[in-house]
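A.B. asks: Before anything else, here's the structure in question.
Residue numbers (UniProt numbering): 1 to 183.
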């Protein structure tokens, strides 16, 4: 079975590629989780974050934005001591700020899903990159998403992070030609 060239041999990574990457997500909590995990990835590899994902879920109360939005300094200090997550003060504070901004977006649009998917017209963009071809780090769409998220108070949502997010939640399908997941 042929997969995208970035997949390593770890069953966790293979499962992520085969069952999550490029698959459309419309669940608000999962969208919130992925936005924060992509932000946590900044300066690191996705593989590093993927291995810590279960620890993140435990540490951040199942990524319930209502709960995360209420975190205080003491809770953030506790998170700084958690070896199961990336212990970066700015990234932890960003998750709390993102929860607050996320709830405001939900209030305005009804769901975060309704807000975020409008950047791709409500349906995935399917690209047809050749095997081994370098994927873009950002696009005009991820630039627009980043700009709007920042305007709404989100943190760690630069254009490159937004494009990785779009891939991770299936707004963009970048499975390489030759990969069994390519359309």
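C-beta atoms are modelled at their ideal positions from N, C-alpha and C, and glycine is treated no differently.
Measuring straight from C-alpha to C-alpha, what distance separates residue 14 and residue 77?
C.D. replies: Numbered from 1 along the chain shown, position 14 holds the residue referred to as residue 14. Numbered from 1 along the chain shown, position 77 holds the residue referred to as residue 77. Computed Cα separation, rounded: 34 Å.
A.B. asks: Check whether the Cβ atoms of residue 30 and residue 94 sit closer than 8 Å, and answer yes or no.
C.D. replies: Start at 1 with the first residue of the chain shown, and residue 30 comes out as number 30. Start at 1 with the first residue of the chain shown, and residue 94 comes out as number 94. Going by C-beta atoms, residue 30 is not nearer than 8 Å to residue 94.
A.B. asks: For residue 168 versus residue 38, is the C-beta spacing smaller than 8 Å?
C.D. replies: By 1-based counting over the chain shown, the position of residue 168 is 168. By 1-based counting over the chain shown, the position of residue 38 is 38. In contact: residue 168 and residue 38 (Cβ atoms closer than 8 Å).
A.B. asks: Count the other CB atoms, across all protein chains shown, that sit within 10 Å of the CB of residue 142; report buried if there are 16 or more and exposed otherwise.
C.D. replies: Here the question's residue 142 lines up with position 142 in the chain shown. Counting Cβ neighbours within 10 Å, residue 142 comes out buried, since at least 16 surround it.
A.B. asks: Would you identify the three-state DSSP class for residue 98, choosing helix, strand or coil?
C.D. replies: Against the chain shown, residue 98 aligns to sequence position 98. Residue 98: helix per DSSP, three-state reduction.
A.B. asks: Mind checking which residues open and close the alpha helix (DSSP H) that includes residue 55?
C.D. replies: Translated into the one-based positions of the chain shown, residue 55 becomes position 55. First-last of the alpha helix (DSSP H) with residue 55: 46-59.
A.B. asks: So, does the stretch 80-100 touch the stretch 2-9, judging by three or more C-beta pairs under 8 Å?
C.D. replies: no
A.B. asks: Distance check for residue 60 and residue 173, CA to CA, integer angstroms please.
C.D. replies: As a working note, residue 173 is residue 173 in the chain shown. As a working note, residue 60 is residue 60 in the chain shown. Near 28 Å, if we compare the C-alpha coordinates of residue 60 and residue 173.
A.B. asks: Check each candidate in 124, 140 and 162 and name the one with the smallest Cα separation from residue 150.
C.D. replies: Numbered from its first residue, the chain shown carries residue 150 at position 150. If we check each option's Cα against that of residue 150, 162 comes out closest.
A.B. asks: According to DSSP, what are the bridge partners of residue 139?
C.D. replies: By 1-based counting over the chain shown, the position of residue 139 is 139. According to DSSP, residue 139 bridges with nothing at all.
A.B. asks: Should the stretch 94-106 be regarded as contacting the stretch 49-68, the criterion being three or more beta carbon pairs within less than 8 Å?
C.D. replies: yes
A.B. asks: Scan the stretch 74-121 and note each continuous beta strand (DSSP E) run of 3 residues or more that stays entirely inside, going in chain order.
C.D. replies: Counting only runs of 3+ residues, no beta strand (DSSP E) is found wholly inside the stretch 74-121.
A.B. asks: Hey, out of 32, 165, 183 and 74, whose CA is closest to residue 104's CA?
C.D. replies: The residue you call residue 104 lines up with position 104 of the chain shown. Among 32, 165, 183 and 74, the Cα nearest to that of residue 104 belongs to 32.
A.B. asks: Could you give the DSSP three-state label for residue 173: helix, strand or coil?
C.D. replies: One-based indexing of the chain shown puts residue 173 at position 173. Residue 173 falls in the strand class under three-state DSSP.
A.B. asks: What residues match up with residue 125 in a beta bridge as DSSP calls it?
C.D. replies: Position 125 of the chain shown, counted from the start, is the residue given in the question as residue 125. Residue 125 is bridged to 172.
A.B. asks: Give me, in chain order, the residues of the same chain whose beta-carbon lies closer than 7 Å to that of residue 178; leave out the 5 immediate sequence neighbours on both sides.
C.D. replies: Taking the first residue of the chain shown as position 1, residue 178 is located at position 178. Excluding sequence neighbours, residue 178 sits near 2 and 131.
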